[in-house]
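Participant: A single structure is presented below for examination.
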Amino acid sequence: MKPNETFSFMEHNQIQPDLFCLGRFYVPLIGSSGLSLYIYFQSFYDLGLEEHLFSDILNHLNFGIEEFEKNLAILTAVKLVSLSQKEDDSYMIELHSPLTKEAFLKHQVLSKLLERKIGEHAFKRLSLEPESSSAMRSLDKGLSEFFQDIPDLKEDSRIVNDDDFDLLHFKQLMARDQLRFEDEQSDILALFNYAELGKKTWFETYQVAKETAVGQVISTKRMMKTLESASSDLTEFTQGEQSLIRWAKSRKPLEFLRDQKQFRQASITNSERQVLKELAQLGLLDSVINVLVHFTLTKTDSANLNEKYALKLGNDLSYKGVNSAEAAVIFLREPRNKEEVGRAKKQGTNTKTNVPEWSKESYRTEATAEELEELEALRRRMLGDKEV
């Protein structure tokens, strides 16, 4: 946005905001600057008759353009204002009334944000119903007493708005699948953030939460990594790397390690299970862990996982933000430190590097036909493929 750009108000959009709810529930979220901007829109609403310059707002409120954009974004986020752009590149402002107290407290996202902002004790005081209401007997009548043919609807105990997150049903699925939060308040807000960034429904969010959970504990760190993960063009990888990537994406880490151990005629140890759990707690996705496991076993030429080395690589991958099997393969191609790079340059092609055989362009030609056939048969057997 630029100060000399124009906006207009939506027609027939005159509203009467509830100042009680605005002050009690929204001000902690939008701040005094956000409140000033909202009041400005209310005060200067003109039924959409004219176009206005954004510079008018900046001058009136003594805002810079960045401060204005920030506060406008906050107002749109809490649904007090809607902003759209017309075909002529001018902007349209639509105003919304604050939610009522009851609707706000039932809104899972807004109520959680407010509780975190003002603290649990203050939030409970705001949400308490008047004491006198419990001693009063309602004399209201039901619709069915006066109108016939009313459909039989089950009354829900809460309202789920289009922009809300159905935390009630999310928690019900958690109980069914025996999942739990690590830090409920922080995790819930992270779930809201994930759903908004990924444009996911609450159920889609739950499916990802279940898939990425670590030891029945929801890992929002791993969930966010799935938004960053993007598939690469496999043509840039060798045939050995392509096979590994497909394999890594199709298995859980424990299953993948079991496949690797079976190929080496060994079994999984308890300490190896713990390493897989610790790698997941770093926020690494399953496919990344699988590539790391294969690399570690290949690098050390052992049937057992070198736990210290695996965790060292895991920390490196987490620090670098590696979030896909493809990115893990590319990262692990390179020597791990400058000393290895120096030795590789001095000793030339005779140096044994930490690059596994599957990542070399010459892998298929250097390996014997029998070895390739055995490895491919194992991969197909593990994935349930039929040999042709």
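Be aware that the sequence shown starts at 1, since it is given in the UniProt record's numbering, and climbs by one per residue.
Glycine included, C-beta positions come from ideal geometry on N, C-alpha and C.
1. Have a look at L126 and E182 and give me their C-alpha separation to the nearest angstrom.
2. Which residues in the same chain have their Cβ closer than 6 Å to the Cβ of A325, if we skip the five residues on either side of it in sequence?
3. Contact defined as beta carbons within less than 8 Å: I believe H60 pairs with Y40. What is the distance between those atoms, to the nearest angstrom?
4. Is the number of C-beta pairs between the segment 20-32 and the segment 92-106 that are closer than 8 Å three or more?
5. If you measure between the beta carbons of L37 and N71, is that distance less than 8 Å?
6. From the DSSP output, in three-state form, read off S186 for me.
7. In terms of residues, what are the limits of the beta strand (DSSP E) holding Q216?
8. Note down, in chain order, each residue of its chain lying with its Cβ closer than 7 Å to the Cβ of A195, except the 5 sequence neighbours on either side.
9. Between the segment 234-243 and the segment 204-223, can you find at least three pairs of beta-carbon atoms closer than 8 Å?
10. Under a three-way DSSP split, which group does G94 fall into?
11. What separation, rounded to the nearest whole angstrom, lies between the Cα atoms of F9 and Y45?
12. Would you kindly check if the distance between the Cβ of L313 and the Cβ of V275 is under 8 Å?
13. Mapping the DSSP letters down to three states, classify T201 as helix, strand or coil.
14. Tell me which residue opens and which closes the beta strand (DSSP E) that S84 is part of.
15. Quick one: residues in its chain with C-beta nearer than 8 Å to the C-beta of L254, no 5 flanking neighbours on either side, listed in chain order?
16. Using the Cβ count rule (16 or more neighbours within 10 Å means buried), how would you classify N62?
17. Give me, in chain order, the residues of the same chain whose beta-carbon lies closer than 6 Å to that of Y26; leave out the 5 immediate sequence neighbours on both sides.
18. What is the rounded straight-line gap between the Cα of E120 and the Cα of Q178?
19. Closest to F170 by CA distance: which of Q108, S186, L128 and K225 is it?
20. Would the beta-carbon of S82 fall within 8 Å of that of E94?
21. Out of curiosity, what's the CA-to-CA distance linking L167 and E278?
22. Within the same chain, show all residues whose beta-carbon is closer than 6 Å to that of Q281, passing over the 5 residues directly before and after it, in chain order.
23. Check each candidate in S318, R180 and K252 and name the one with the smallest Cα separation from M224.
24. What residues are listed by DSSP as bridge partners for F7?
25. Shortest alpha-carbon distance to M1 belongs to which of G34, G31, A73 and N13?
26. Mapping DSSP to helix, strand and coil, what is S359?
27. Compute the beta-carbon to beta-carbon distance between G48 and E11, rounded to the nearest angstrom, for a pair I have assumed lies under 8 Å.
28. Can you list, in chain order, the residues of its chain whose CB lies under 8 Å from that of E50, leaving out five sequence neighbours each side?
29. So which of Q85, E228, L113 and L173 has the shortest CA-CA distance to Q185?
30. Determine the direct distance from the alpha carbon of A209 to that of K199, and round the result to whole angstroms.
31. Please report the Cβ distance between V293 and F256, rounded to the nearest whole angstrom; I am assuming they are in contact, meaning their Cβ atoms lie under 8 Å.
32. Within its chain, find whatever has a CB closer than 7 Å to the CB of E155; leave out the 5 residues flanking it on each side and keep chain order.
Facilitator: Per the coordinate set shown:
1. 27 Å
2. I245, A248, K249, S287 and V291
3. 6 Å
4. yes
5. yes
6. helix
7. Unbroken run through Q216: none, as it is neither H nor E.
8. F165, W202 and T205
9. no
10. Just to set this straight, residue 94 is Glu in the shown sequence, not Gly. In this structure, E94 counts as strand in the three-state DSSP scheme.
11. 7 Å
12. no
13. coil
14. V81 to Q85
15. I268, R273 and L276
16. exposed
17. P98
18. 26 Å
19. Q108
20. yes
21. 28 Å
22. V214
23. S318
24. H52 and Y91
25. A73
26. Note that S359 scores a pLDDT of 49, beneath 50, so its modelled location is shaky and nothing firm can be said.
27. 4 Å
28. S8
29. L113
30. 15 Å
31. 6 Å
32. Below a pLDDT of 50, predicted positions are generally treated as unreliable, and E155, at 40, falls in that range; the measurement from the model is reported next regardless. Excluding sequence neighbours, E155 sits near nothing in its chain.
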